[in-house]
Every structure is written in structure tokens, then in C-alpha cells.
Amino acid sequence: MFWVVTANFTEDGAVAYRRSDGTWARALAEAGLLDSEAIAKELATTATQREQREISDAYPIQIDVENGVILAQSARERIRANGPTIRVRRPD
Amino acid sequence: MYQYDDYDRRIITERAQQFRGQVTRRLSGEITEDEFKPLRLQNGLYRQLHAYMLRVAVPYGLLSSTQVRKLAHIARTYDRGYGHFTTRQNIQYNWPKLTDVPTILDELASVEMHAVQTSGNCVRNITADHFAGIARDELEDPRPYCEILRQWSTFHPEFAHLPRKFKIAVTGTPGEDRAAVRFHDIGLRIVENARGERGFEVLVGGGMGRTPIIGEVVREFLPKKHFLSYIDSILRVYNLHGRRDNKYKARIKILVAALGIDEFRRRVEEDWEASRTPELELPDAEIARVAAFFAPPAYESLPASDPTRIVLGKDRELGNWVRNNVVAHKVPGYSAVIISVKQKGTPPGDVSDTQMDAIAGLADRFSFGHLVVTHTQNLVLTDVKTSELPALHAELRRIDLGEANANKITDIITCPGLDYCDLANARSIPLSLEISERFDRIDYLNDVGDVSIKISGCINACGHHHVGNIGILGIDKRGVEFYQLMLGGSPGNDASIGKILGRALAQDEIVDAVEKVLDRYLTIRESSDERFLDTVRRVGFDPFKVAVYGSADPLEAGAE
Amino acid sequence: MTQIIRDRAIVDDDFVHIADGAELSGKPIVSLARYIKERDSLRTLPALGVRVPPDKLPADIPDLGRLTLIALELTKFTEGRPYSVARMIRQRYGFKGELRAVGDVLRDDLRYLERCGFNAFELKQGKSLTSALEAFAELGPTYQADANEPLPIYRRR
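So the protein lines, in turn, are chains C, U and W. Heads up: the first sequence begins at 2 in my numbering, then just goes up one per residue. Heads up: the second sequence begins at 19 in my numbering, then just goes up one per residue. Heads up: the third sequence begins at 755 in my numbering, then just goes up one per residue.
And the structure:
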């Protein structure tokens, strides 16, 4: 079982995933995998306190890895990872 | 419509400057996200799943064409080319950057708009009957009172940290409630007493959300001059005694239910006697000053003209549109037009920047430069010459807004749901798109008649599912989306709260279930004049349970 | 000495918060509970402040008019009751002494608090008082009557 730490970027609110080196990525594929929920929680709490300027409200999510691809488990986290399931006028 | 004076302008421009400072302090690290959150919320800035969301207030739903062009400009420049009209008569942008928001607020201020108190635990945007000022059955135009309330509520120092949000709606039409006043924290109905004086019937404690409750009368007749001081007292009793320990029990409806309406009334009256001063009385001159801004436009004197001729004409598409989307006007020769923002394949309430620009042009050409946002997520051109309906329809078709489905089953109210919303449990938009596609047959729509379908992606009920004739509520079962089907809700004078039909349905079952319910209605209605809601009220749920679940047995249907 | 904002100026705090059971010193601010218990001896002091939790109403504060200072606790910045209580203390009880906001007091609420009748503010620890002073000037005109302004906008326009 694996976890990753997610949050939102302060500047534009976009979804953020914590890389293994502690920096923040915009794609789930770049997230650093953690094999302990306790560590994921700890990293999320510390990030929320210390990295306020870059990200907000970090929390851990459980993920699956299939054929080397990271997949979020809940409908909510899948939509966060992939964007709205309906057409957005201008993808930007 | 209301025009800002120097006072109003300063208040709104200073607010925009203040927010710029708050954003700067957030980005510099001077304040934390926890501290910033209530500040941004009081300025309508949420953070959703993928981005920030800015909710712009449209006081009582009224917009000028200049404002609509500005909204289009903002959508184009700072967002992704569209805006979303909401059930609170507001507009939301789904993709603004925090760093752009102060500039967006400056842009809004330049056309007398703002995002003040569109979120947070404070008094929210004041809503009203979308046919205010033009309805044939209206006693008095509610908009002047809405504007007076807007000013009263803006930065009210005492009520910036209420136990929970607070929504007020006003109607001037006692005979038909198009503002759902019984489902607001305070609902105001302009009424006439036995002596022929105008005042307000004050309802309190209505609402949807987790605990749907129909509001009760706290005062049968409130003279206009005491309007604000009395509302102050209601808010004060709520601020002091509303629950703050549990956000799900913090709305005023829970306080009113806990105390009982009589004790609640006693406390309000007691506070009112202790707090009202002659200075707080609203002078007639002030009412007249504000009312003057809402004086009728320069209508031409036209012969009465019945649009039936168009309905029965050769152009069936136009005929259906006039039949379904055109509403009688109090002035002869004029009509009100509902622009359906329920286009096939597009999320309900979403309008692109180019459509907004085009609508602004149509408002200028056909309707004295104004339009109204409805709580059903449509737009209304209030003052169109009946003779110009065909020309207007042709223009609307050109911009894909000519759908003839007002009040029909594809005129669905939908919250943003899990595609955008941080609170949602399930998606709502894909469901409404699927329903629109399934029933995309005008003859079927006309046959089924007026049925409201309302979809919420969570218990907070932004999609008003409790008051849908057919309500759909998205729920989460261990990370999977499910939907509850409810029947029998109505927001109007015959207010009722829908009830759950049976067990929750999976995503691939729910649209079939809606179709089964509608088909059953068509076979059991007494005549084509019996509305869906009346049939449900007459026959109860059993025939519909059988239709959907194959059995009326509560175990089979699995009522939850 | 800690600093507070009083009447829109940064000043040294001449009052001292005294914990329940601790010995009195200086100009004390005691809890409402202690004040009620030891009222007979406390009322002889030349200056006395009382700290009031947010669930109390003005009627719960005996001899309110004889106090030098009333401190209303904002246990969280989202706690809205002290705003109403302050207005009642000023407008219905005619309290003329110092009305102080203590607890989770944030810069961006100062103007609202002042309009409700507070004239002194102990800011949350670590927050800049100088930055806070600027907050009073941020929103000039007002629509409503308040503790300092008896006239609503429609009698001032």
C-alpha cells in the first residue's frame, strides 16, 4: 500500500503533489511514493505549517500503482488528478 | 437599476484595495492560510478541487449590459473563457489565479460590482423574484428593498462572524413565490394589511442543506419603516444564541426549531424593543429615493399583442420557444423572455465570454439594456416587445441559446458537483448532460410538461434537490458515486420537501430511473392538465417505486 | 510591558491579567467567575477589569457600570458573539470604560470590533501592531449605524 502527499498551490490553487525530494509537482505521476501512512501524515502536517507560501492544506491520499502508473483511489482524487470529467471551454 | 453614488463607490473600491493588501500579506507569509481563508471567503474566493473559484455578487440577479460585457472580459482575460451562473443569482469563475483576483475586483468595481460577502458566515447576496418589476401579479417591486438590504448587509460590523451563512430573499408577489422565500434564513413577502398598508410578512428559519425546513412566520406584518431594525434583531438573536459547536447545526433554522417559533419571536421582539431607535427607522424619502432607480423604463404605448399567433405559426421551433420561454408582461405589447442556459452538451448555467458579449448586445437591442439571472440558472430579458420575439429568437439560436425548454425536464438546476467542488461527494454535471441528451425530444418535453429536476452533488444542496419535483442527491459510498432519487419537492407557495423514493442508485441506473418515473407519470396522470407534482401528491410513491425498483415493498426498494 | 492598541494608538498595557487563584497586582483584570465570587473585596480596588467569556451576556456581569475595563474574549476569530455583546454594553448599558478585545484578535477584524464599541485590542501574539493600525483606515465609509455612529447611511447621505 502506498500513499502520496497532496495539497494545492497557493498562487493559483492548482493541485500539488509532493515529490520525493520535497518539492511540489503538478502531476500525480511525479509524486513521491510513501509506504507508511504515518509518515505521509507527518509530511503533510509539516508541509502545511512550513510551506504555507507555496502550498496549502496538505493531506495524504492512498494510491494504487498499476503497471508503474500511479492511480488515485477515490472518485474525488481521480478528478483532482485528471481535471473535470466534462469539457472545459478553454483548457489553458 | 441602482446607480452607485460616491459613498457606494468608495466602499467598493476601498474593499478591492483592502483585499489586494490581504493577498500581498498572504503571499509574503505575514498571514497563514488559516488566517487568510476567512478573509478570502468574505470576498467570495473559495478554493475548489483544481483552482480558486471567485463568486461575484449579482445583487437580486439584476445586470446591465455594461456589467455583462465586463463579466465577459473577465472570463476571457483571467479565466478560461466562461462563467457559471448559480442558484444564488450570482456568477462564478472557476479558474482565477490568486494573484489576479485583486485586479479582477478592480475591474468589477469599475462597473459597480463586487464579490463582497458571497461566501463566509455572513449575510450573503440578497435574492429576489426574477420577474420583479414586470410580473402581472406583483403587488410591489421588491428590488428597492433588496438594494436597501444590500447596503445594510455590506460590512455590517456586528454580523461578520455569524454561526453560519445567512441568506435573505424577497418577493413582492404574494400570489406566487418565485424566490423560494420559505427556504431562506429570512424570507420577506410584501403584503397588504387589512387597512391597505404595505409591509412585510417575515418568515424565518427556512433552508435546505442537511436539514431541509420550511420557514415559519415570525411576524405577520412589519411596517416598512421598521424593516431594518427588525432584521437587525433577528440577526442579533441568531448571532448570540445560534449554535457554534457544530457547523451542521449552526444555521438559524436549527435555533428556530430548538426554541420553537413562539420563543424565538419573543426573543426577537424583546431585543427589538430594546434596540430600535427613531434614527434606525427607514424614512419614506429613502424608500422613494431608492425606488426611483427601479422606475419602469420608457415603454412604448403598444396594442396588446398575444404571442399565441406565433406559437401556432409555421416555424415550430420558434413556436415551442415562445410557448415555453416567453412569459406574460404587465405592460401591453411586451413580454419577458427566459434565455435557457441549459444548452445540450454544456454544463447548466455556463455561458462563454462570446455568448455574454452577444447577450449584452441583445439586452441593449431588445430589452432596455438589462437582464436578470434566475435562481434556476437561466437569464431573463425582462422587457421585450412581443412583436420582436421572432427576431430575438433568431439571434439567440445563432449563439446556441435558443433552447425551448424553460421549466421542462431538461431545464435542470445543477450544482458544480465533484467535477469542481471541494465539498461534493458525487458529480452532478455529467448526470444533467445525460438527462438532457436522453430527453432531447421537444414533443416529449411538452407532453411531460412542467417538471423541475434539481441535482446536488452533496448534502449541502446547492442544486436545491429538496425542492425539485424530482430531486437527485449525489452520495459517496466508499469512494464510489451513488445517487438518491427524491420526489415531490416544490419551492413555491405550495412549498414541500421531496422524499427519498428508495435505495440509492448507481451512476448507470439513475437516468433510467428518471425515465421510468416520467413514463409512469404519463400513464397514470388523470389528464394532460395534471402536473407531475400533483400526480405524485395524489397517488403517493408506490407506483413510482414499482416503476423504478420493481416493487413497492420497502425491503425491495430499500428505503434508506 | 506588553503593548496594546488603545484608541487607535500603540500604548504600554497598564493592566495585568491575573489568573484565578493568583495574587492580585497592579491594575488587575480578573475572570468573570472570580469577580462574581470575590466581588465584595474586588470592588474596593481603584481600578478593576473583568474578562468575560463569549457565552455571557451583559446581564451576566454584575455592576457592569462600575468596572474600569471589560475584556471580551474572542476564543477564536470566528467567535461572533462578543460583537453583539459589545454593542449592548455600550449602547444599552451606556458603559464608558475601556472595552477590550482579547484572545484571537486579528488585524482585519479591528475595524468591525471598533464599530461595535471596542476601543482597546490585545492582538494575537506575534502580530505586528503597526500593521494593525493601518487596518482602521482601510474601510472608510459605512452603511450602518453602530456603537459610535447613531445614524445609518440613509440619514447621512
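Quick reminder that beta carbons are idealized off the backbone N, C-alpha and C, glycines included. Quick caveat: nothing in here was measured; it's all calculated off a predicted structure.
Item                                                                                                                   : Value
Reference Asp530 of chain U, options U:Ser358, U:Tyr501, U:Ile515, closest by Cα                                       : U:Tyr501
Close beta carbons around Val554 of chain U, own chain, < 6 Å, minus the five adjacent residues each side              : Leu505, Gly506
Rounded separation between Asp52 of chain U and Pro175 of chain U - CA only                                            : 21 Å
Within chain U, the residues that Tyr789 of chain W reaches when beta carbons sit closer than 8 Å                      : Within 8 Å Cβ-Cβ: nothing; Tyr789 of chain W doesn't reach chain U, min ~21 Å.
Residue nearest to Glu876 of chain W in terms of C-alpha spacing, selected from W:Leu799, W:Phe831, W:Leu905, W:Arg911 : W:Phe831
Buried/exposed call for Glu578 of chain U, threshold 16 Cβ in 10 Å                                                     : Interpretation of Glu578 of chain U is limited by its pLDDT of 46, a score under 50 that renders its predicted location unreliable; no figure is taken from the coordinates.
Ser323 of chain U (DSSP reduced to helix, strand or coil)                                                              : coil
Chain U within 8 Å of Gln879 of chain W, Cβ atoms only                                                                 : no
Residue-level contact to chain U via CB, Asp58 of chain C, 8 Å cutoff                                                  : yes
Same chain, Cβ closer than 7 Å to Asp124 of chain U, five either side skipped, listed in chain order                   : Ala34
Cβ-based contacts, 7 Å cut-off: residues of the stretch 11-24 of chain C near chain U                                  : Thr11, Glu12, Asp13, Gly14, Ala15, Val16
is_contact[Thr117 of chain U, chain C] using C-beta, thresh 8 Å                                                        : yes
Any beta strand (DSSP E) of 3 or more consecutive residues that is wholly inside the stretch 447-507 of chain U        : 471-474, 488-495, 498-505
Span of the alpha helix (DSSP H) around Ile843 of chain W                                                              : 835-845
Within chain U, the residues that Arg27 of chain C reaches when beta carbons sit closer than 8 Å                       : Per Cβ cutoff of 8 Å: no residues; Arg27 of chain C is ~11 Å from chain U at best.
C-alpha gap between Cys439 of chain U and Gly367 of chain U, whole angstroms                                           : 15 Å
Rounded C-alpha distance that separates Thr49 of chain C from Arg73 of chain U                                         : 26 Å
Per-residue burial, Ala522 of chain U [other beta carbons within 10 Å of its own, 16 or more giving buried]            : buried
First and last residue of the uninterrupted beta strand (DSSP E) at Ser293 of chain U                                  : Here Ser293 of chain U belongs to no beta strand (DSSP E); instead the alpha helix (DSSP H) covers 279-293.
Interface residues of chain U facing Val89 of chain C [CB-CB closer than 7 Å]                                          : Arg98
Proximity below 8 Å, CB of Leu828 of chain W to CB of Ile843 of chain W                                                : no
CB contact below 8 Å: Tyr580 of chain U versus chain W                                                                 : Since the first and last residues shown for chain U are 19 and 578, residue 580 of chain U lies out of range.
C-alpha gap between His771 of chain W and Ser785 of chain W, whole angstroms                                           : 9 Å
Buried versus exposed call for Leu330 of chain U [16 or more other C-beta atoms within 10 Å across all chains shown]   : exposed
According to DSSP, residues forming a beta bridge with Gln757 of chain W                                               : W:Asp766
Whole-angstrom distance between Arg43 of chain U and Phe887 of chain W, CA atom to CA atom                             : The sequence given here places Leu at residue 887 of chain W; Phe does not occur at that position. The alpha-carbon atoms of Leu887 of chain W and Arg43 of chain U are separated by roughly 15 Å.
Gly69 of chain C at chain U interface by Cβ criterion, 8 Å                                                             : no
Interface residues of chain W facing Trp172 of chain U [CB-CB closer than 7 Å]                                         : The residue asked about is misnamed: residue 172 of chain U is Thr in this sequence, not Trp. Here the neighbours are Tyr897.
Beta-carbon neighbours of Leu436 of chain U, restricted to chain C and to distances below 8 Å                          : Ala76, Arg77, Ile80
Ile907 of chain W: contacting residues in chain U (beta-carbon distance under 8 Å)                                     : Tyr25, Gln169
Backbone secondary structure at Val129 of chain U - three-state DSSP                                                   : coil
Burial state of Ala198 of chain U (16 or more Cβ within 10 Å)                                                          : buried
Closer than 8 Å to chain W by CB, Glu578 of chain U                                                                    : With a pLDDT of 46 at Glu578 of chain U, under the threshold of 50, the modelled position of this residue cannot be trusted; read the value that follows with caution. Answer no: the Cβ-Cβ gap between Glu578 of chain U and chain W never drops below 8 Å.
Chain-ordered neighbours of Glu32 of chain U on chain W, where CB pairs are closer than 7 Å                            : Glu892, Leu893, Gly894
Alpha carbon of Phe282 of chain U to alpha carbon of Ile208 of chain U, nearest angstrom                               : 22 Å
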